[in-house]
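Written below as structure tokens is the structure these notes are about.
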Amino acid sequence: MVSVVTLMRLSRTMPRRQDDDSISTLYIPSTAVFLQELLKFVLCIFKLSSSSSFSPSSTLLSLQAALQPFEVLKLSVPCTLYLLQNNLLYLALTKLDATTYQVTYQLKILTTALFSVAMIPGARERMTRQRWIGLLILTLGVCLAQSSTTTGDEGSKSSTTKDRTIGLICVITASCTSGFAGVYFEMVLKGSKTDLWVRNIQMGLPSVVLGLASVYWKDGSKVSEQGFLHGYTTLVWSVVAVQAAGGLLVAVVVKYADNIMKTFATSFAIILGAAVNAVVGGFRPDGTFAMGAIGVCAATVVYGTGGKKVKGEGETLPIL
Ligand code: C5P
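In the numbering used here, each residue's number is its place in the sequence shown (first place is 1) plus 241.
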């Protein structure tokens, strides 16, 4: 996840640095969001067809069975929110410096916990005071680590107060959609025995349709003027691929664990990524990073030992 932000930011700022003409060299972000949704959808169909020995007719049958209108409609809720979120994050990256972006986006740890206790039966009882403290320490720890590992760039220095306000509103909104959509998807996933890949396909179809609609609604004139794949470099394709893979990974983590565990996993990924970068790259850990890393580890212990077993834990959720 940490590399995604770096790659995304580079893909939005590098062309500007090269020839100082952002309009003629930058790709259109809504097209990248659409392509990442399309790639995930195709990969999920591929996964579905692997369970029917790649036979086209049985794949078509499985696809028909998967795409039940009511189920697709149900998943169009998180799908719309994720689409909005992915577009907002691209906008935020062009308005904010990477540190502010990364640190503010950690709010999603708390929004995820809030939506979990509000929406998942039994979650409120499981979320003890100690666990809330654990989550606060985690948020603080990741923010410290992020602020030490992320460097600013010249793009951010030129941003105005208006830009920063827009960027902050985008990230805060994205933190809320991240929490709500993640918990909603978890409820749908765990509320029935439907296969994860079928759920991803049910969410993927509206994502692709809405993603394409948003390209033409938002950027129709730019696309007809410059072309759909205008400005696509290897870096941009890498962003699309890494985003798609990250999205599928999120779905797997939510299936086998839950959204709160996902926030711990991504926090550890940030610390581990920085540690690897310290060994093989140019990152020199400082006191702030060390405090952040200790905070993340301490949060795990505080959260992990703060649990309370409640009746029905581990059972299938009887909702949605
Ligand atoms: O930052 P956050 O953890 O909310 O990001 C979740 C990402 O995972 C989004 O980009 C979303 O599109 C993706 N996702 C997905 N499939 C799911 C759930 C989330 O592609 N089933």
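We put the CB at the ideal spot given by N, CA and C, even for glycine.
Ser188 versus Ala307 - alpha carbon distance: Because the chain spans 242 through 561 in this model, residue 188 falls outside it and cannot be assessed.
Own chain partners of Thr300 with C-beta closer than 8 Å, once the 5 adjacent residues on each side are dropped: Scanning its chain for C-beta atoms nearer than 8 Å, with the 5 sequence neighbours on each side dropped, one finds around Thr300 the residues Ile286, Leu289, Ser290 and Ser293, in chain order.
Check: Leu489 C-beta below 8 Å from any heavy atom of the ligand C5P: Closer than 8 Å to some heavy atom of the ligand C5P: that describes the Cβ of Leu489.
Asp527 burial status per 10 Å Cβ neighbour count (16 or more: buried): Result: exposed.
Tyr323: CB within 8 Å of a non-hydrogen atom of the ligand C5P: Yes, the beta carbon of Tyr323 sits closer than 8 Å to at least one heavy atom of the ligand C5P.
Proximity test, Tyr331 beta-carbon vs the ligand C5P heavy atom, cut-off 8 Å: Answer for Tyr331: no, Cβ out of range of the ligand C5P.
Neighbourhood of Ile512 by C-beta, 7 Å cutoff - its chain only, sequence neighbours within 5 removed: Within the same chain, Ile512 has close Cβ partners Ala386, Ala534 and Val537.
Distance CB(Leu355)-CB(Thr504) smaller than 9 Å: A distance of 9 Å or more separates the beta carbons of Leu355 and Thr504.
Whole-angstrom distance between Ile413 and Pro297, CA atom to CA atom: Take the alpha-carbon of Pro297 and the one of Ile413: they are about 44 Å apart.
Reduced DSSP category for Glu395 - H, G, I as helix; E, B as strand; rest coil: For Glu395, the predicted structure reports a pLDDT of 46, less than 50, and the residue's modelled location is therefore unreliable. A value from the coordinates is still provided. The answer is helix: DSSP assigns Glu395 an H, G or I state.
Any non-hydrogen atom of the ligand C5P within 8 Å of Met444 CB: It does: the Cβ of Met444 is within 8 Å (strictly closer) of some heavy atom of the ligand C5P.
Member of Ala519, Gly452 and Ile378 whose CA lies at the smallest distance from the CA of Ala539: It is Ile378.
Extent of the continuous alpha helix (DSSP H) run through Phe524: Careful: Phe524 lies outside any alpha helix (DSSP H) and carries neither H nor E.
Val495 beta carbon near the ligand C5P (any heavy atom closer than 8 Å): Yes; taking the cut-off as 8 Å, the Cβ of Val495 has a heavy atom of the ligand C5P nearer than that.
Same chain only: Cβ atoms within 7 Å of Ile374, ignoring 5 sequence neighbours per side: Within the same chain, Ile374 has close Cβ partners Val543.
Span of the alpha helix (DSSP H), counted from its first residue to its last, around Asp499: Secondary structure note for Asp499: it is in no alpha helix (DSSP H), with a DSSP letter that is neither H nor E.
Simplified DSSP assignment, three categories, for Ile269: In the three-state DSSP reduction, Ile269 falls in the coil class, being neither helix nor strand.
Gln326 Cβ short of 8 Å to the ligand C5P heavy atom set: The answer is yes for Gln326.
For Leu325 and Gly488, the rounded distance between their alpha carbons: Rounded to whole angstroms, Gly488 and Leu325 show a C-alpha spacing of 14 Å.
The ligand C5P heavy atom lying under 8 Å from the CB of Tyr346: Of the heavy atoms belonging to the ligand C5P, at least one sits nearer than 8 Å to the Cβ of Tyr346.
Phe426 CB to nearest heavy atom of the ligand C5P below 8 Å: At a threshold of 8 Å, Phe426 counts as near the ligand C5P, since its beta carbon sits closer than that to one of the ligand's heavy atoms.
Coil, strand or helix - Leu334 by DSSP: Looking at Leu334 - three-state DSSP - the assignment turns out to be helix.
Beta-carbon gap between Ser388 and Gln443 smaller than 9 Å: No.
Beta strand (DSSP E) runs contained entirely in the region 322–374, provided each spans 3 or more residues: As far as the region 322–374 is concerned, it has no whole beta strand (DSSP E) run of at least 3 residues.
Neighbour-count burial assignment, Leu365, 16 or more Cβ in a 10 Å radius: Strictly speaking, residue 365 in this sequence is Arg, with Leu absent from that position. With a 10 Å radius around the Cβ and a threshold of 16 neighbouring Cβ atoms, Arg365 comes out exposed.
Pairwise C-alpha distance: Thr401 and Val494: Going by C-alpha positions, Val494 is about 38 Å away from Thr401.
Simplified DSSP state of Leu316, which is helix, strand or coil: Leu316: helix per DSSP, three-state reduction.
Thr335 vs Thr406 beta-carbon contact at 9 Å: Contact: no.
Endpoints, alpha helix (DSSP H) assigned at Tyr473: Membership of Tyr473 in any alpha helix (DSSP H) is not indicated, and neither H nor E is assigned to it by DSSP.
Where Leu308 falls: helix, strand or coil (DSSP): For Leu308, the three-state secondary structure derived from DSSP is coil.
DSSP three-state assignment for Tyr544, whether helix, strand or coil: Here Tyr544 sits in helix by DSSP.
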